[in-house]
Amino acid sequence: MYSLLREGSREIPLSPHSCVFMRSMRKTTALALLLALALPSPVGAATQVLAPPGLPEAEQYFETLPTSTGPKAPDTSKKARDAVRDGALGEATEKALRERGPTGLSLADAVAQTAPQGEAGETGRTPSLGSLGERGLGAGFPLMLVLAAGAAAAFAVARRRTPSSQ
Amino acid sequence: MRIPARARTLALLALLALGVCPARAAAAPHGLQLGVTDDSFLSSNPLLREEWMSRARSAGADLALLTVDWSAVAPRTRPVVFDPADPADPAYRWSALDGAVRSAVAAGMQPVLEIDYAPTWAEGPGRPSLAVAPPGTWQPQPAALGDFARALATRYSGGYVDPADSLAGSLPHVRYFQVWAEQNLAVHLGPLWRGRRLVAPAHYRAMLNSAYAAIHAADPGARVILGGLAPYGDARAGASRIPPVWFWRSLLCLRGARLRPVACPEPAHFDIAAHNPIEVGGPGLHATSRLDVSMPDIGRLTPILRRAIVTRRVLPAGPKPFWATEFWWDSNPPDPEGVPMHRHARFLAKGLFELWRQGVDAAIWWYLRDQAPGSAGYGTTQQSGLFFRDGPAKLAYRVFRFPFVAGRERNGRLVLWGKAPSPGRLVVEQRTRHGWAPLTHPVAGGNRVFLAKMGVRGALRLRARQGGEASVPWRVR
Numbered sequence: 006m007y008s009l010l011r012e013g014s015r016e017i018p019l020s021p022h023s024c025v026f027m028r029s030m031r032k033t034t035a036l037a038l039l040l041a042l043a044l045p046s047p048v049g050a051a052t053q054v055l056a057p058p059g060l061p062e063a064e065q066y067f068e069t070l071p072t073s074t075g076p077k078a079p080d081t082s083k084k085a086r087d088a089v090r091d092g093a094l095g096e097a098t099e100k101a102l103r104e105r106g107p108t109g110l111s112l113a114d115a116v117a118q119t120a121p122q123g124e125a126g127e128t129g130r131t132p133s134l135g136s137l138g139e140r141g142l143g144a145g146f147p148l149m150l151v152l153a154a155g156a157a158a159a160f161a162v163a164r165r166r167t168p169s170s171q
Numbered sequence: 004m005r006i007p008a009r010a011r012t013l014a015l016l017a018l019l020a021l022g023v024c025p026a027r028a029a030a031a032p033h034g035l036q037l038g039v040t041d042d043s044f045l046s047s048n049p050l051l052r053e054e055w056m057s058r059a060r061s062a063g064a065d066l067a068l069l070t071v072d073w074s075a076v077a078p079r080t081r082p083v084v085f086d087p088a089d090p091a092d093p094a095y096r097w098s099a100l101d102g103a104v105r106s107a108v109a110a111g112m113q114p115v116l117e118i119d120y121a122p123t124w125a126e127g128p129g130r131p132s133l134a135v136a137p138p139g140t141w142q143p144q145p146a147a148l149g150d151f152a153r154a155l156a157t158r159y160s161g162g163y164v165d166p167a168d169s170l171a172g173s174l175p176h177v178r179y180f181q182v183w184a185e186q187n188l189a190v191h192l193g194p195l196w197r198g199r200r201l202v203a204p205a206h207y208r209a210m211l212n213s214a215y216a217a218i219h220a221a222d223p224g225a226r227v228i229l230g231g232l233a234p235y236g237d238a239r240a241g242a243s244r245i246p247p248v249w250f251w252r253s254l255l256c257l258r259g260a261r262l263r264p265v266a267c268p269e270p271a272h273f274d275i276a277a278h279n280p281i282e283v284g285g286p287g288l289h290a291t292s293r294l295d296v297s298m299p300d301i302g303r304l305t306p307i308l309r310r311a312i313v314t315r316r317v318l319p320a321g322p323k324p325f326w327a328t329e330f331w332w333d334s335n336p337p338d339p340e341g342v343p344m345h346r347h348a349r350f351l352a353k354g355l356f357e358l359w360r361q362g363v364d365a366a367i368w369w370y371l372r373d374q375a376p377g378s379a380g381y382g383t384t385q386q387s388g389l390f391f392r393d394g395p396a397k398l399a400y401r402v403f404r405f406p407f408v409a410g411r412e413r414n415g416r417l418v419l420w421g422k423a424p425s426p427g428r429l430v431v432e433q434r435t436r437h438g439w440a441p442l443t444h445p446v447a448g449g450n451r452v453f454l455a456k457m458g459v460r461g462a463l464r465l466r467a468r469q470g471g472e473a474s475v476p477w478r479v480r
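So the sequences go chain by chain: A and B. In terms of this note's numbering, the first sequence opens at residue 6 and continues consecutively. In terms of this note's numbering, the second sequence opens at residue 4 and continues consecutively.
In structure tokens form, the structure reads like this:
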């Protein structure tokens, strides 16, 4: 995020005006964050269901995953399963994301959904798209949260780096 | 006589140089028995049964899992005069199982008898409708299960005269008995809960212990296998699936994530631990919940087992082998929702390695042959066979017969693992512009498993070969 305030290797000097501008931006960002957090989140209310390949009726072997992407009908289509199962993320990355709860899981799903299609060699990973039938903001909601938090952090860093004499 | 320190040092160095010093020999990789199950194994048609048993053996299976439907072997209603512990009781119907056991042993495999489904008269009181609890799953009575297990183990103790052919001698010996399957699911054992209290593990413990005592009384050399659990559960009271980690903790009288031992007047008795690591994804996909156990998550169960052994919450004392008693992926073709054929084969190879890597000693693949599609298509039946239903082998057959995978450690070292068709030397070959060239010559021990590590960089296409038989190639970056 710090690189946002750099142009090449040269640090962009910040004027007192920019500092005022930043203060107002920080307020706006904070408000946006508060607003986003205050919105009724469907976290925990919805689940995504993964079924073993080829046995979509075998409920006893479903893995149910909480999602933050709004109410969602269980999608056990091949595409949807592949998007998660063989997603473009490395296993470790996907696991790490999943362990971060619904937001991480949505990010993992979003990456899987936007990965290029096609065979990916011998590793058994075939990134493929999944139409997960989202409603509402979908995966954009957690992405918005992450971007907003990132922007706030960037401004905070920039503020700290502003010379105190100014 | 005093030996000067310098002389002692020199002598020690000399011994080291000669290799006489008790330096620890490189440990041979542990084994991985392979098994399969199939509907045809219990067919009443001996020709069909024997053909598929023979194919299973040709695929390299050491074990043939046979589901023993207790309700099908036992009488439908309990006769007034009936000795359920006596395998010779005329009310029992053993012929299909006898045939399957004979065929498996004749083909060169060890049968694994998985006991499931109680007859109605052996279920507990307060049975709900069949829609809530499928037949044979409602509180199977431990004492009745013990009686049946005793009859079963006596019949296949190796000394029981074959009633169909007394001239042939005894019925074959069966060493392995698995007590129930997926008892963390309401469709296999009920009730799971009473209100907010988890009750199924304690009930299952009573079933397991009763069967254990009966089987060992009939055949002290028999091995009792814990029922493998389904991999995913729902972590809330009243749900129809208990997460396997919860089930194991409760079964083994260990509380919470810290595995605090609690009172356990009758610890669970089994000889072999088991789990069913069925995957919704590829073989490396972890279950999201830490309470669930998919293929790479066996390590969520082993600490519970270790703790139970140390605190004597499982008996007899001592380490337990660990088996994966059910895993599979459906293939496309024929199932349009299955995984493509090459990936099906790769998943199998990587799955076997994944299990072996975690210390699993046996892995049983369901099924040998594709099941026929159901009335609604392929979605309700399994097309996970090593063979298509009409006979031809899939690529997975070659993998099962000669599993081989290659990968890299974090430091970039190349790891080669496999199970050769026979013990002895083999060659791992690298694909070049001029064909296959030898890369290394690992040696498979008596258990046929080989493991080699080497520092070769770059993208490679590798295969293992022993005699005229080559594994399915594996690509590594």
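Think of the CB as a built atom: it goes at the ideal place given N, C-alpha and C, for glycine as much as any other residue.
Met112(B) carries a coil assignment under DSSP once its states are collapsed to helix, strand and coil.
DSSP places His206(B) in the helix class (H, G or I) of the three-state scheme.
At a cut-off of 8 Å, the C-beta of Arg244(B) has a neighbouring C-beta in chain A. Counting C-beta atoms within 10 angstroms of its own C-beta, Asp300(B) has 16 or more neighbours from the protein chains shown and is therefore classed as buried. Under the three-state reduction of DSSP output, Gly284(B) falls in the coil class, being neither helix nor strand.
CA-CA distance, Asp150(B) to Glu357(B), rounds to 38 Å.
If you ignore the 5 residues before and after Ala221(B), its C-beta comes within less than 6 Å of the C-beta of Arg153, Ala156, Thr157, Ser160, all in its own chain and listed in chain order. Between the segment 226-242 of chain B and the segment 165-181 of chain B, the count of Cβ pairs shorter than 8 Å is three or higher; the stretches touch.
For Ile312(B), the enclosing alpha helix (DSSP H) has its first and last residue at 305-313. If you draw a 10 Å sphere on the C-beta of Val39(B), you find 16 or more other C-beta atoms in it, and that means buried.
Taking 8 Å as the cut-off, the beta carbon of Arg404(B) is found no closer than this to the beta carbon of Glu432(B).
Contact check for Glu269(B) and Asn212(B): beta-carbon distance about 6 Å, within the 8 Å limit, so the pair qualifies. Put simply, the backbone Cα of Val151(A) is about 51 Å away from that of Ala447(B). At the C-beta level, Glu340(B) and Trp369(B) stay beyond 8 Å of one another. Chain B places no beta carbon closer than 8 Å to that of Gly155(A), leaving this residue out of the contacts. Counting along the chain, Arg478(B) sits inside the beta strand (DSSP E) bounded by residues 477-479. The DSSP-derived three-state label of Ser74(B) is helix. At a cut-off of 8 Å, the C-beta of Ala290(B) has a neighbouring C-beta in chain A.
Nearest Cα to Trp332(B) within the set Pro322(B), His345(B), Ala214(B): His345(B). Phe67(A) reaches chain B at Tyr235, Val283, counting residues in chain order whose Cβ is nearer than 8 Å.
Looking at the DSSP output, Lys456(B) sits in a beta bridge with Val418(B). For the 8 Å CB-CB criterion, Asp65(B) and Leu37(B) form a contact. At a cut-off of 8 Å, the C-beta of Ala159(A) has no neighbouring C-beta in chain B. Here DSSP, grouped into helix, strand and coil, assigns Ala153(A) to helix. Going by C-alpha positions, Gly458(B) is about 40 Å away from Asp274(B). Counting C-beta pairs with one atom in each stretch, the segment 381-394 of chain B and the segment 56-64 of chain A have three or more that are closer than 8 Å, which means they touch. For Trp251(B), the enclosing alpha helix (DSSP H) has its first and last residue at 247-254.
When secondary structure is reduced to three states using DSSP, Pro337(B) falls in the coil class, being assigned neither helix nor strand.
Apart from sequence neighbours up to five positions away, the residues of its chain that approach Ala396(B) with a beta-carbon distance below 7 Å are Leu389, Phe390, ordered along the chain. Counting only the Cα atoms, Ala423(B) lies some 10 Å from Ala473(B). Residues of the segment 366-386 of chain B with a C-beta atom less than 9 Å from some C-beta of chain A are Gly377, Ala379, Tyr381, Gly382, Thr383, Thr384, Gln385, Gln386, listed in chain order. Taking the beta carbon of Leu188(B) as reference, the chain A residues within 7 Å of it are Gln65, listed in sequence order. No Cβ-Cβ contact shorter than 8 Å links Ala290(B) with Trp326(B). Under the Cβ criterion of 8 Å, Leu60(A) is counted among the residues facing chain B. Contact check for Val71(B) against Ile118(B) passes: the beta carbons are separated by less than 8 Å. Contacts with chain B at 8 Å (Cβ-Cβ) include Leu70(A).
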